[in-house]
Amino acid sequence: MTFSPIRVVLFLLLTWFAFDKVVDQRNAARSERDSAQVEVKGLREAARITGKRLAMATANDIKHTQELANALKRNQDLRDSVGNGDQRLFVPATCAASAVNVRAGTGTAGVAHAASAELAADARPDYFTLRDQLALSRQMILGLQDHVRSFCTIQPTTTGATQ
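Per the numbering used here, residue 820 is the first one in the sequence shown, and the count goes up by one each step.
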């Protein structure tokens with residue numbers, strides 16, 4: 820069985836075409852694999868950074884929640900002490916000299932010998948409410964500041980997506 824030269828050339832052409840197609844498919848598959856590996860690397864880095872940031876946020880939240888709980892406990896302890904009469908709420912106060920008293924010669928006006936000024940009993944609940952709100956506001960502000968320092972600062976990251 821002899822092969823004619825046209826058949827041999829045709830066979831070689833078909834073989835070359837099939838081989839070229841397989842090589843092109845292999846190169847395309849390698850390119851897709853390489854780009855997928857780069858994307859996986861970038862996604863892993865993004866997941867690592869996100870996990871790190873979530874851990875920082877959780878730590879900040881725990882810290883500020885504990886500080887708020889401590890401040891509210893101190894306020895409640897003070898409220899209980901004032902309610903029991905163990906402590907008193909003093910208000911720093913001064914009295915302006917009364918012009919009438921000075922001119923009349925009745926002596927100098929002031930509270931030097933008077934009892935210390937104390938917060939009125941009906942104002943105490945408002946005072947403690949304000950202290951609680953102040954503690955809450957303070958912890959909210961400190962928490963937001965920590966959040967800004969942790970999350971809103973520009974951090975150079977390499978995702979590997981650009982190559």
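C-beta: ideal position from N, C-alpha, C; glycine also.
Minimum Cα-Cα distance from A940 among the listed residues G904, A878, V967, C971 corresponds to G904. About 6 Å separates the beta carbon of N894 from that of F947, a gap short enough to meet the 8 Å contact definition. It is roughly 37 Å from the alpha-carbon of R826 to the alpha-carbon of E851. In the DSSP assignment, L908 falls outside any alpha helix (DSSP H), carrying neither H nor E. Counting only residues of its own chain and dropping the five nearest sequence neighbours on each side, R872 has a CB closer than 8 Å to the CB of S969, F970.
About 7 Å separates the CB atoms of A936 and F909; that is less than 8 Å, so the two are in contact.
In the DSSP assignment, L831 falls within the unbroken alpha helix (DSSP H) covering 824-903. For the pair Q952 and L887, the CB atoms are not nearer than the 8 Å cut-off. Following the DSSP letters along the chain, one finds A936 in no alpha helix (DSSP H), marked with neither H nor E.
For T821, no alpha helix (DSSP H) run applies, since DSSP gives it neither H nor E. In this structure, DSSP gives T972 a state outside helix and strand, which the three-state scheme calls coil.
If you draw a straight line from the Cα of P911 to the Cα of A866, it is about 56 Å long.
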